[in-house]
Amino acid sequence: MFSLAQLLGYAAFVLGVVCFAQTDDRRFKLFMAAECAAYIGHFALLGQPTAMASTTVSLLRSLASIKARTPAVGVFFILLSAGLGVWLMKGWLSLLPIVASCIGTFSLFFLHGLRMRALMLVGTGLWLVNNLLVGSIGGTLLEGVLMVTNVRTCWVLWRGASR
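Per our numbering: the sequence shown = residues 39 to 201.
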């Protein structure tokens, strides 16, 4: 419960909650990159290479999406996520972070605002299942709270757009 792996998961938890509470897309992406940095160490210590690779690609794509929102860069990161995932795959459980990473990449490069966050919610659900199955306490808490936080942020964005 208090191993270094779990402590990094708790750090990712805090950064992730702050991330998904952001209504500004740039701050959202910066906090997502910080969350990913903590998650990389977390999954490395848990012995989850596919999740670690997907999170590393997520960190890079979050930073890249701030400046380069071109379809070519988005496609590059989707192919990188899928390629690394397939290379490191060790069974069906490995598909969860791969698909979640591809969904996140599509969201960050091809969508914005409410649509981006709504599709990120699907990826959050896949990470939640992954984290439950691999024993990530902080990660499970994070994804559960992110679902609630993101639904709230989607509501705020939707209400703002409907006025």
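Yeah, the Cβ is synthetic: ideal placement off N, Cα and C, and Gly gets one too. Please read these numbers as outputs of a predicted model, since none were measured by experiment.
Under the three-state reduction of DSSP, which class applies to residue i: helix, strand or coil?
| i | result |
| --- | --- |
| residue 106 | coil |
| residue 41 | coil |
| residue 145 | helix |
| residue 61 | coil |
| residue 139 | helix |
| residue 47 | helix |
| residue 173 | coil |
For residue i, tell me which candidate among the options has the shortest Cα-Cα distance.
| i | options | result |
| --- | --- | --- |
| residue 186 | 92, 167, 58 and 172 | 58 |
| residue 123 | 152, 93 and 167 | 93 |
| residue 88 | 135, 199, 192 and 189 | 135 |
| residue 148 | 63, 178 and 55 | 63 |
| residue 119 | 132, 108 and 107 | 132 |
| residue 196 | 116, 154 and 84 | 154 |
| residue 95 | 109, 110 and 117 | 117 |
| residue 165 | 151, 114, 184 and 150 | 184 |
Would you tell me roughly how many angstroms separate the C-alpha atoms of residue i and residue j, rounded to the nearest one?
| i | j | result |
| --- | --- | --- |
| residue 44 | residue 175 | 7 Å |
| residue 130 | residue 157 | 22 Å |
| residue 66 | residue 128 | 31 Å |
| residue 42 | residue 199 | 42 Å |
| residue 112 | residue 40 | 37 Å |
| residue 85 | residue 161 | 21 Å |
| residue 56 | residue 107 | 23 Å |
| residue 173 | residue 105 | 35 Å |
| residue 126 | residue 188 | 30 Å |
| residue 169 | residue 194 | 28 Å |
| residue 180 | residue 159 | 13 Å |
| residue 178 | residue 47 | 9 Å |
| residue 146 | residue 81 | 22 Å |
| residue 150 | residue 83 | 33 Å |
| residue 190 | residue 109 | 29 Å |
Kindly confirm or deny that the stretch 136-152 and the stretch 98-107 touch, where touching means at least three C-beta pairs closer than 8 Å. yes
Quick test of the definition: if touching needs 3 or more C-beta pairs under 8 Å, does the stretch 43-56 touch the stretch 67-87? yes
Minimum length 4: unbroken alpha helix (DSSP H) runs contained in the stretch 79-134: 87-105 and 109-126
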